[in-house]
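Residue numbers (our numbering): 560 to 742.
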């Protein structure tokens, strides 16, 4: 990385998964800052985050209970494959969840950087549609609520995906919810 590029994102991994640590350390745009943390001691992760001041904290499923306090210090992503645990982490303030083994270091970097953007460049109507999407509404429900045709809603959704550079509703929701949390 040259000195004119963006500063590396400071990432704290509270997981202990060597494969994840190795993956993150592949990127010169990520600075992995870590300390061992005991899952049975909730204050350890928070104290480490206060000391290390990461931009992003990645939690393994056994640490998901630490989401709420950590989300006030950094963007929190929970690595888990269980949808119920992912939903609980998002409710507790996680920026998003990551499915184990389904991402590269480059993809993680893009997600982390996009989650830190304040302005997602959506029009007022697209923002309104995105609010409804993030509340769990289907395209049909959005169309009825906004007095639009379902095709118009689909067009808005496609433009939202293009602007956010995502390919799924879940990714769009993650970025949309992340913009509301301090970095």
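Cβ coordinates follow ideal geometry from the N, Cα and C atoms, glycine included.
- In the same chain as residue 586, and ignoring 5 residues on each side of it, the C-beta atoms closer than 6 angstroms to its own belong to 664, 668, in chain order.
- Residue 636 counts as buried, since no fewer than 16 other beta carbons sit within 10 angstroms of its beta carbon.
- Fully enclosed alpha helix (DSSP H) runs of no fewer than 4 residues occupy 642-650, 664-674 of the stretch 635-689, in order along the chain.
- Under the three-state reduction of DSSP, residue 591 is assigned to strand.
- Residue pairing by DSSP puts residue 568 in a beta bridge opposite 589.
- Beyond the five residues adjoining it in sequence on each side, residue 658 comes within less than 7 angstroms, by CB distance, of 640 in the same chain, given in chain order.
- Judged by DSSP secondary structure, residue 723 falls within the alpha helix (DSSP H) whose first and last residues are 709-723.
- Under DSSP, residue 618 takes part in a beta bridge, and its partners are 573, 637.
- The Cβ neighbour count for residue 622, taken over all protein chains shown within 10 Å, is at least 16; the residue is labelled buried.
- Counting only the Cα atoms, residue 716 lies some 8 angstroms from residue 685.
- Contact between the stretch 641-650 and the stretch 708-726 is absent: fewer than 3 CB-CB pairs across the two stretches fall below 8 angstroms.
- Bounds of any alpha helix (DSSP H) do not take in residue 613, whose DSSP letter is neither H nor E.
- Per DSSP, residue 702 is one residue of the alpha helix (DSSP H) stretching across 698-705.
- Taking the Cα positions, residue 730 is about 14 angstroms away from residue 690.
- Its Cα nearest to that of residue 600, the residue 573 stands out among 573, 734, 662.
- Under a 10 Å Cβ-count criterion, residue 631 is classified as exposed, with fewer than 16 other Cβ atoms of the shown protein chains found around its own Cβ.
- One Cα belongs to residue 681, the other to residue 710, and the distance between them is close to 19 angstroms.
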